[in-house]
Amino acid sequence: MHYPFFMDFYCLQNLFIKLLRLRFDFYKILFLKYSDFNKIN
């Protein structure tokens with residue numbers, strides 16, 4: 015059985031989760047850099 019709509023939805027969901035994870039990592043790195051910068055000053 016093949017459900018193209020369901021598969022598309024699943025792929026979109028995976029893409030969304032990947033984007034969220036990337037964004038979260040990006041903010042985490044920014045936060046770490048910012049806190050290090052505050053420690054130096």
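Just so you know, we're using our numbering here: the sequence shown kicks off at 15 and counts up by one.
Here a beta-carbon is modelled for each residue, glycine too, at the ideal position from N, C-alpha and C.
Problem - Close-in-space but distant-in-sequence residues of the same chain around L26 (CB under 8 Å, 5 per side omitted) - result: To locate residue 26, count along the sequence shown from 1; it is residue 12. Within the same chain, no residue comes within 8 Å of L26 by CB-CB distance, once the 5 residues on both sides are set aside.
Exercise for the section: Compare the C-beta of L46 against all C-beta atoms of chain C and say whether one is closer than 8 Å. Expected result: Looking for chain C here will not work: only one protein chain is present.
Exercise for the section: Report all residues from its chain with a CB closer than 8 Å to the CB of Q34; omit the five preceding and five following residues, and keep chain order. Expected result: By 1-based counting over the sequence shown, the position of residue 34 is 20. A quick correction: the sequence has Leu, not Gln, at residue 34. Contacts found: none.
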